[in-house]
Amino acid sequence: MVFHKKATRNEVYIVAKIIDGKAISAQIKEEVKQQVARLKAKGKEVTLAVIQVGNDPASSVYVGNKKKACEYVGIRSLSYELPEETTQEKLLSLIDELNGREDVDGILVQLPLPAWISEEGVLERISPSKDVDGFHPQNVGALCVGKPGLVPCTPAGIIELLKRSGIEIAGKECVVVGRSNIVGKPMALLLLGENGTVTIAHSRTKDLKRVTSRADILVVAVGKRKLITREYVKEGAVVIDVGIHRTSGSKKLCGDVDYESVEPVCSAITPVPGGVGPMTIAMLMHNCVESAGKGFN
Ligand code: NAD
């Protein structure tokens, strides 16, 4: 059983069984808005450059949402829409230009990129201090050794969800299912940084049910719809569902967790939509301010 911490003075927790990512992300965006305004008052305008290659419809939706969030919190966004046939050299030279611009604080390259462009090469070209996605090896290394750096948005958002819901991490059995560089691995490092006892499970894990059943906090980032059913979850566990799947032929979304069967046995759970999803963009805004704020505090 995971116990929820009581709020002390100055701490506002949203304690509920259904963890409301919409409300918590709105809270974070309000905080970011104030930070952006404070920087503006000191003469610093926070600026994010967003690069999209090609016009994949899903990517266009994500990029549109990021720009909307920028507008809401007062961050200036610069848009670079490059044609599908863009070469790696062209993209790298744009990144070099943006790296050199003092008025640009964050650079985001929307993934996936066309097959002939090396994602790794592109992400590594972004200056670590402007890497608001937190994917550059220097930022990953900083996270690994517990030094300050820009942290990947989705796992950083999950830590905020847990903390702002009053859920203690220290000493808890934390199981992360999935080991991607974007979610699973940084998630495990962040939970470890919060003194959780962390296990990573993945596609080669034997007897996944046995592993997930010991979790007090279970984070699922697999990309397989409704993989985690009631049998995988210990009674009273906190369940965080990172997966997003569109049900074919309808606009309804579902996650990697079978919400209907898991919700009755857990102590807290993130819904899909309205759980982890909104946190990713809120933390991107947070990272932009983090990057812009250096030297302006
Ligand atoms: P990925 O495909 O890069 O990684 C999936 C991981 O799951 C791999 O490490 C693999 O080893 C593991 N895996 C696959 N099948 C498994 C199985 N049967 N049992 C145990 N482990 C298994 O995916 P990702 O980028 O980490 O994303 C995972 C999911 O999260 C996707 O649905 C994605 O759409 C979603 N996502 C959501 C957000 C958000 O903002 N909410 C952000 C990123 C990703």
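All residue numbers for the sequence shown refer to my numbering, where the first residue is 172 and numbers rise by one.
Glycine included, C-beta positions come from ideal geometry on N, C-alpha and C.
Just so you know, these numbers come straight off a predicted model, no measurement behind them.
In this model, A212 and E344 are separated by some 44 Å (Cα to Cα). Counting C-beta pairs closer than 8 Å gives three or more between the segment 320–334 and the segment 452–461, which meets the contact rule.
The Cβ atoms of V221 and V234 sit closer than 8 Å to each other.
Excluding the 5 residues flanking it on each side, V280 has same chain C-beta neighbours closer than 6 Å at I222, V293, in chain order. In this structure, L210 places its C-beta atom within 8 Å of the C-beta atom of G464. For S250, there is no enclosing alpha helix (DSSP H); the enclosing beta strand (DSSP E) has its first and last residue at 247–253. Taking the CA atoms as reference points, T441 sits about 16 Å from V346. Shortest gap from the CB of I415 to any heavy atom of ligand 1: under 7 Å. Checking the DSSP bridge columns, you'll see Q281 has no partner listed. Taken atom to atom, the span from the alpha-carbon of D412 to that of V217 is near 31 Å.
Taken in chain order, the whole alpha helix (DSSP H) runs of length 4 or more contained in the segment 394–458 are 430–433.
Secondary structure note for V391: its beta strand (DSSP E) is the uninterrupted segment 388–391. Between L379 and A372, the C-beta gap is smaller than 8 Å, which places the two residues in contact. Counting only runs of 4+ residues, the alpha helix (DSSP H) found wholly inside the segment 194–270 occupies 228–244, in chain order. Scanning its chain for C-beta atoms nearer than 6 Å, with the 5 sequence neighbours on each side dropped, one finds around G349 the residues G355, A392, V393, in chain order. Within the DSSP secondary-structure output, E344 pairs in a beta bridge with T368. Using a Cβ-Cβ distance cut-off of 8 Å, the segment 299–318 and the segment 433–449 are not in contact, since fewer than three pairs of beta carbons, one from each stretch, lie closer than that value. Cα atoms of S250 and D427: separation of roughly 32 Å, rounded to the nearest angstrom.
Assigned with DSSP and collapsed to three states, I329 falls in helix. Looking at the DSSP output, I189 shares a beta bridge with I440.
V390 has its alpha-carbon roughly 12 Å from the corresponding atom of G446. D276 is positioned such that its CB atom lies no closer than 8 Å to that of K237. Distances from the alpha-carbon of R417 to those of E201, S264, A229 put A229 closest. Exclusion of the five residues before and after E365 leaves I340 as the residues of its chain whose Cβ lies within less than 6 Å of its Cβ. Bounds of the alpha helix (DSSP H) holding V311 are 308–316.
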